[in-house]
Amino acid sequence: KLLPLAWSLEPVQPSELVWQRIVQQTGMNRRGRKATTSRWSAVAAALSVALVAVTIAWWQERIQPPEVVIETVTETVPAEPAIGVVEDEAGNALWVARIYAGLRRAEVVVQTTPTRHRANDYELWILRDDGVPVSLGLLPQTGEASLTLDDDAVDALQRGSVLAVSLEPPGGSPEPVPTGPVLFTAALLAP
């Protein structure tokens, strides 16, 4: 009902004093925006600057070359092995033993398949200088084998230079000395 009356009125520009009071009471600035809007604009601008600074710092970290790390790796290189070649009566090599006392290991490779004794095993011994034999383990009858040396064997290798092969029951000698016949002997050549 009042709309026709509003259209019939002439617009009137308020005086500067009236305008200042309106701005103070409503919290609006001259452009029609509230003063709080300009505060939020300032906060948004500050956050934008902070975001740009963080992004630049992150990017610079990514494009820098990686840190150089020097790591020293110490690897024990096995000493040259002592070598023994066990031969039969005709001079044919039956086994070649490479013995690494420092690694507590002996690698044995069959060269010529020995006469097979079905119910027995061949056992390798080191004879200490005082003549006492110490077992190094069972020999393979085909292929190769890696024998783990115990403390007695490592000690005997320091004080002996003759290998012996005995024929033993399956699984080896039940005693700390050969129980079967000693079939072959060989010199152990130090490195």
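When you line the sequence shown up against our numbering, it's residues 14 to 204, in that order.
Just so it is clear, CB atoms sit at the ideal spot from N, CA and C, and this is done for glycine as well.
Starting from L201 and walking both ways along the beta strand (DSSP E), at which residues does that stretch end? Here residue 201 corresponds to residue number 188 of the sequence shown, with the count starting at 1. That run of the beta strand (DSSP E) goes V195 to L202.
Report yes or no: do three or more beta-carbon pairs, one from the segment 74-83 and one from the segment 116-131, lie closer than 8 angstroms? no
Considering Cα atoms alone, identify which of G184, R52 and Q38 is closest to R131. Position 118 of the sequence shown, counted from the first residue, corresponds to residue 131. Among G184, R52 and Q38, the Cα nearest to that of R131 is on G184.
For the segment 106-123 against the segment 147-155, are there 3 or more C-beta pairs whose distance is under 8 angstroms? Touching, per the Cβ criterion.
Going by CA-CA distance only, name the one from V36, A66 and L22 that's closest to S28. In the sequence shown, counting from the first residue as 1, residue 28 sits at position 15. For the residues V36, A66 and L22, the minimum Cα distance to S28 belongs to V36.
Would L137 and V178 qualify as a contact pair, given that the criterion is a beta-carbon distance under 8 angstroms? Your numbering for residue 137 matches position 124 in the sequence shown. Your numbering for residue 178 matches position 165 in the sequence shown. Going by beta carbons, L137 and V178 fall inside the 8 angstroms limit.
Out of E102, W20 and E74, state which residue places its alpha-carbon closest to the alpha-carbon of A199. Taking the first residue of the sequence shown as 1, we reach residue 199 at position 186. It is E102 whose Cα lies nearest to the Cα of A199.
Close Cβ partners of S186 (< 8 angstroms) along its chain, the five nearest in sequence each way excluded: Start at 1 with the first residue of the sequence shown, and residue 186 comes out as number 173. Contacts found: E136, S148, S179, T192 and G193.
Helix, strand or coil: how does DSSP classify S61 here? For this step, residue 61 is matched to residue 48 along the sequence shown. In the structure shown, S61 falls within a helical segment according to DSSP collapsed to helix, strand and coil.
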